[in-house]
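Visitor:
Residue numbers (this note's numbering): 499 to 733.
#1: Compare the C-alpha of residue 592 against each of 644, 541, 560 and name the closest.
#2: So the alpha helix (DSSP H) residue 612 belongs to, where does it begin and stop?
#3: In chain order, what residues of the same chain have a beta carbon less than 7 Å from the beta carbon of residue 602, not counting five sequence neighbours either side?
#4: Measuring only the C-alpha atoms, how far is residue 503 from residue 705?
#5: Could you check the C-alpha separation between residue 500 and residue 525 for me, to the nearest Å?
#6: With residue 728 and residue 625 assumed to form a contact (beta carbons below 8 Å), what rounded beta-carbon distance in angstroms separates them?
#7: Return the Cβ separation of residue 678 and residue 702 in integer angstroms, given the expectation that the two are a contact with Cβ distance under 8 Å.
#8: Our contact map puts residue 648 next to residue 621 with C-beta atoms below 8 Å; I'd like the distance itself, whole angstroms only.
#9: From the DSSP secondary-structure annotation, give me the bridge partner or partners of residue 567.
#10: Spell out a yes or no on whether the stretch 551-560 and the stretch 580-590 are touching, meaning 3 or more CB-CB pairs, one atom from each, closer than 8 Å.
As structure tokens, this is what we get:
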């Protein structure tokens, strides 16, 4: 989803800062954007490292200019039954990436976002923010936290002109779901998703793009679900 979002924003004229733990993945995305005639630069970044977040945001300003749009897309999912021995480690690791990482990046970018009264923040949560799956409580709780953070900061930052919104993807064909066999995905989609399929990263990217357009300047604190109708359907 991050790759699709970066490419889409670049195609719309944005200068895109690409970050990821994997510098090889970063380079591939940046090269793809540049090859298509866009403008992008990339940095390896661990969002659990507060000093690294500050350092990278400073580098983004120097290379590409002030940050007008922040898309918080970093996320991990660590299965962890609550009775398991590794539960607390999974809880801490998940919240450090999925929630605290969002706050770190927003705080580092805040002077830029507020400077003209039109900054845009999109936090990527999940349909797990609207329900729950057994064995995933650290992930589920962190995504509920992303929705709460989005709403709280939409209220707090509204007077500055910055909008803070949230996208909640459902079942999407991403690296996080790549290990699920195709036949299991198909069965799940037929049973749970009115559109009868998994979504594609580009479909989430377009939802994100919509929330950062100037025409969406009065949309603030919104939670946009991109799940093919899954959460609308009665169980």
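Each residue gets a CB set at the ideal place from its N, CA and C atoms; glycine is no exception.
As the structure is a prediction and not an experimental result, all values here were calculated from the model.
Guide: So, from the data block:
#1: Distances from the alpha-carbon of residue 592 to those of 644, 541, 560 put 644 closest.
#2: In the DSSP assignment, residue 612 falls within the alpha helix (DSSP H) that extends over 599-613.
#3: Excluding sequence neighbours, residue 602 sits near 545, 548, 551.
#4: Rounded to the nearest angstrom, the two C-alpha atoms are 9 Å apart.
#5: A straight-line Cα-Cα distance of about 13 Å links residue 500 and residue 525.
#6: At roughly 6 Å, the Cβ-Cβ gap stays under 8 Å, so residue 728 and residue 625 are in contact.
#7: Taking 8 Å as the upper bound for CB-CB distance, residue 678 and residue 702 are not in contact here, some 17 Å apart.
#8: At roughly 5 Å, the Cβ-Cβ gap stays under 8 Å, so residue 648 and residue 621 are in contact.
#9: As DSSP reads the structure, residue 567 sits in a beta bridge with 618.
#10: No, because fewer than three Cβ pairs between the stretch 551-560 and the stretch 580-590 fall closer than 8 Å, the two stretches do not touch.
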